[in-house]
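**Q** Just so you know, the sequence shown maps onto residues 112 to 682 in the working numbering.
Positions of the beta carbon are idealized from the N, C-alpha and C atoms, including for glycine.
Treat the numbers as computed from the prediction; the structure is a model and nothing was measured.
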Amino acid sequence: MAHSKKKRRLDVPATGMNIMVSADYNEMMQYSPSETEIIAQFKKASIGNLFPAISRLIASSHMDDTDIVLNEVIIRCWEQGIHKDYIERILHYKRPNVFFNNRQMLLNAVKWLLVHADEVTYNDVPEINNPSTFMDCFYLSTMLSSFYQIPTDMKIIELESVQNGIFNRNVNYLHTVQRSIECYLNIASQKDRFKTKEYVDIAELFYNNTGVSIKAYLFFMTAINASFYPSGDVRDFIWTNRMVNDVNKYIQYLGIDTDEIQNLFQMTTISMEEFKQSFAESTCHRWDFNYFRKKPVIRQGEVFYPLDSQLVLDNIWDGLYWRIIDGLGPELANKFRIFIGRIFELYCHDLLVNAEPSLKMARYIPEFHYKYAKNNLLSPDGFVQYKNDLIVFDYKAKRLNMQTTLVAGNIESFEKDISQLIIEPAKKIYAHLQRFMEAPIENVPIDFTKVRKIHAVIVTQGSLSGVKIVYERIEQRLRDEGLYDRGSLIEWHLLDVNEFEELVSLMEQGCNHVNSFSQKASSRYRYISFHDYLAYARRPHSHSVTAKKRFHDWLNYVIAVMKSNAPSEES
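(1) In three-state terms, what does DSSP make of I476?
(2) Looking only at its chain, what residues have a beta carbon closer than 8 Å to the beta carbon of V414, apart from the 5 residues adjacent to it on each side?
(3) Beta-carbon within less than 7 Å of S115's beta-carbon, same chain only, minus the 5 sequence neighbours each way: which residues are those?
(4) Assign I481 to one of three DSSP states: helix, strand, or coil.
(5) Give every residue of the same chain whose Cβ lies closer than 6 Å to the Cβ of V608, excluding the five residues on either side of it in the sequence, and list them in chain order.
(6) Take I467 and list the residues in its own chain whose beta-carbon comes closer than 8 Å to its own, dropping the five residues that flank it on each side.
(7) Can you check whether the CB of N213 is closer than 8 Å to the CB of S133?
(8) Go ahead and label H654 buried or exposed: buried means 16 or more other beta carbons lie within 10 angstroms of its beta carbon, across all protein chains shown.
(9) Quick check on the burial criterion: 16 or more other C-beta atoms within 10 angstroms. Buried or exposed for D196?
(10) In terms of alpha-carbon separation, which member of Y284, L470, G493 lies closest to P477?
(11) Could you pull the start and end residues of the beta strand (DSSP E) that Q620 belongs to?
(12) Mapping the DSSP letters down to three states, classify D437 as helix, strand or coil.
(13) When the distance is taken between beta carbons, is F331 closer than 8 Å to L375?
(14) Please state the DSSP three-state secondary structure of W428.
(15) Closest to L645 by C-alpha separation, out of S338, L614, V656, Y506, would be which residue?
(16) Is it the case that the segment 165-179 contacts the segment 205-220, given that we only count it when at least three CB pairs across the two stretches are under 8 Å?
(17) Can you find the residues in the same chain that come closer than 8 Å, C-beta to C-beta, to E269, ignoring five residues on each side of it along the sequence?
(18) For Q698, list the residues DSSP reports as bridge partners.
(19) Exposed or buried, which one is K118 when buried takes at least 16 other CB atoms within 10 Å?
(20) Which of helix, strand or coil does DSSP assign to Y211?
(21) Can you list, in chain order, the residues of its chain whose CB lies under 7 Å from that of I670, leaving out five sequence neighbours each side?
(22) Whole angstroms are fine: how far does the CA of H194 sit from the CA of G159?
(23) Please classify N676 as buried or exposed, where buried requires at least 16 other C-beta atoms within 10 Å of its C-beta.
(24) Would you tell me roughly how many angstroms separate the C-alpha atoms of H286 and E146, rounded to the nearest one?
(25) By the three-class DSSP mapping on this structure, what secondary structure does K118 have?
(26) Decide if K509 is buried, meaning its Cβ has at least 16 other Cβ atoms within 10 Å, or exposed.
(27) When burial is assigned at 16 or more other CB atoms within 10 Å of the CB, is V231 buried or exposed?
(28) Between the alpha carbons of N275 and L575, how many angstroms are there, rounded?
(29) Measuring alpha carbon to alpha carbon, tell me which residue in N234, M140, V282 is nearest Q421.
(30) Can the beta-carbon of N320 be found less than 8 Å from the beta-carbon of I435?
(31) DSSP puts T380 in a beta bridge; with which residues?
(32) Return helix, strand or coil for P124, following the three-state DSSP convention.
(33) Decide if T307 is buried, meaning its Cβ has at least 16 other Cβ atoms within 10 Å, or exposed.
(34) Between the C-alpha atoms of N487 and R637, what's the straight-line distance to the nearest angstrom?
(35) Nearest by alpha-carbon distance to F400: which of E309, M216, K660, S627 is it?
(36) I185 and M254 - do their beta-carbons sit closer together than 8 Å?
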């Protein structure tokens with residue numbers, strides 16, 4: 112009988128899995144071009160030729176995080192006897208985990224092209240198989256990597272790691288689609304689950320603001336993401352034109368109302384004129400991709416394609432939220448935030464309810480009312496009890512501030528975000544736990560005298576990713592607030608909704624999460640995200656049964672509609 116090989120654990124880098132480093136022109140060429148020189152290079156460029164290449168390079172970065180594409184381009188250029196000096200510089204400079212197809216700098220190159228390149232070149236016919244086009248993309252994007260030098264202040268570097276990690280985070284396609292369908296189409300329409308005063312008709316708000324139904328919007332985004340999702344061998348993909356589709360034919364396949372489809376393309380398609388007029392200043396900010404977050408589709412003549420499939424996917428969840436709230440006045444916007452928070456709580460609760468039958472030696476306890484010092488209080492959002500161990504969940508529909516924290520990199524804004532995301536919720540959870548542990552309280556369905564370990568888990572809509580010291584500072588803030596005063600009894604964990612969904616899928620497989628969280632809290636994995644922990648600890652998991660069913664039901668519906676609208680062979 113063959114012996115099974117022991118699983119080799121991955122080394123845990125200080126940066127975490129998400130953080131991507133771009134190749135730097137200054138270091139590679141030993142020369143620092145001025146802003147004027149960089150602009151001159153962009154003025155000579157052809158938008159129509161470079162945009163499709165950039166789109167494919169970004170897609171390739173989602174498919175493969177190695178140097179395969181760079182090597183392919185180098186080989187073809189060398190065989191054709193072009194860019195030899197530049198290639199020698201690349202080969203001398205190239206190092207592990209430094210990327211030439213870095214999506215941040217490629218998207219920055221798109222901004223500079225929209226501002227500085229000749230608009231006449233927008234509809235130039237691209238040279239699909241020309242390796243020189245890709246080399247031009249590398250050349251321009253690495254120039255920008257050097258241009259956007261960050262200060263050496265340690266706190267700025269820490270926040271830069273958060274900006275980088277969140278931008279490059281791995282968003283689960285299946286979970287994102289099914290979550291948006293469940294929250295915006297299903298839970299949002301279940302009026303009986305909400306108090307009359309808190310209910311907001313999201314569908315009506317969205318239609319009034321956009322002229323498009325939420326269902327049509329989600330159908331459109333799902334179809335584009337499915338149609339253009341990069342797949343297959345990255346070597347074959349990079350030299351083909353699979354990312355391009357005919358606008359008129361695609362509209363026919365979608366079968367969406369004429370007015371709605373026009374509104375959808377207008378909502379999501381990049382406009383060079385609009386960008387120059389209103390977003391040219393974004394070239395000054397290396398993380399400002401707000402325009403592309405709203406408009407991730409490129410249209411050139413009668414063809415269109417996504418600039419970045421990740422940005423299309425973001426539109427299915429985060430983007431839908433922003434499209435609704437951006438059109439609201441302050442009072443209604445606040446009511447909408449509260450309502451979305453309630454939807455988020457119900458979504459997370461439903462996931463645990465569906466997973467409960469799979470719990471081994473454990474039980475799920477939803478939030479409950481209890482009385483303390485004549486006050487009627489509501490507990491944290493949910494509990495999972497394993498004998499003498501307890502997991503406490505609190506759901507917060509919050510995320511880091513996009514403009515001031517993730518784009519501008521404002522340290523005060525980041526500290527405020529951390530307070531709202533982690534510190535304040537943790538203080539409230541701790542206050543509940545203190546009451547429960549003081550003495551038995553009527554209507555509290557947990558015997559806290561028998562609890563030996565508590566893992567308090569805060570689940571948020573937005574993610575947090577960064578270098579080790581970011582997590583160390585957050586832990587120190589928790590300690591400063593006295594939230595570790597009970598020693599090792601309570602451990603604190605922050606999960607974004609993607610990570611929570613991963614947690615539930617493991618739960619459905621019978622995983623004991625007390626063991627998972629205890630291992631996560633150990634010194635080896637303590638200062639990385641939960642997603643990174645699962646990867647480094649090699650905890651394989653599949654999607655939850657509920658999530659898979661929702662996703663496939665929706666995707667099958669989208670495919671069926673597109674097939675029914677396909678032109679007949681005779682036509």
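**A** The relevant details are as follows:
(1) strand
(2) V355, N356, D357, V358
(3) Reliability of the predicted coordinates at S115 is poor, the pLDDT of 40 falling under 50, and the value obtained from them is presented with this limitation in mind. The answer is none, since no qualifying residue turns up.
(4) It is Tyr, not Ile, that sits at residue 481 in the sequence shown. Strand.
(5) Q572
(6) Reading off the sequence shown, one finds Glu at residue 467, where the question assumed Ile. Hits under 8 Å: R474, Y475.
(7) yes
(8) buried
(9) exposed
(10) G493
(11) From DSSP, Q620 is part of no beta strand (DSSP E); its letter is neither H nor E.
(12) coil
(13) yes
(14) coil
(15) L614
(16) yes
(17) G577, V578, I580, V581, R584
(18) Not covered by the structure: residue 698. The range shown for the chain is 112 to 682.
(19) Because the pLDDT at K118 is just 42, under 50, the model does not fix this residue reliably, and the value given afterwards should be weighed accordingly. The residue is exposed, with fewer than 16 neighbouring Cβ atoms inside 10 Å.
(20) Note on identity: in this sequence residue 211 is Phe, with Tyr being the wrong assignment. Correct three-state label for F211: coil.
(21) none
(22) 21 Å
(23) exposed
(24) 42 Å
(25) Unreliable positioning characterises K118 in this predicted model, as indicated by a pLDDT of 42, which lies under 50. A coordinate reading is not provided.
(26) buried
(27) exposed
(28) 10 Å
(29) V282
(30) yes
(31) V408
(32) Confidence at P124 is low in this model, with a pLDDT of 48, below 50, so the placement of that residue is unreliable and no value is reported for it.
(33) exposed
(34) 36 Å
(35) M216
(36) no
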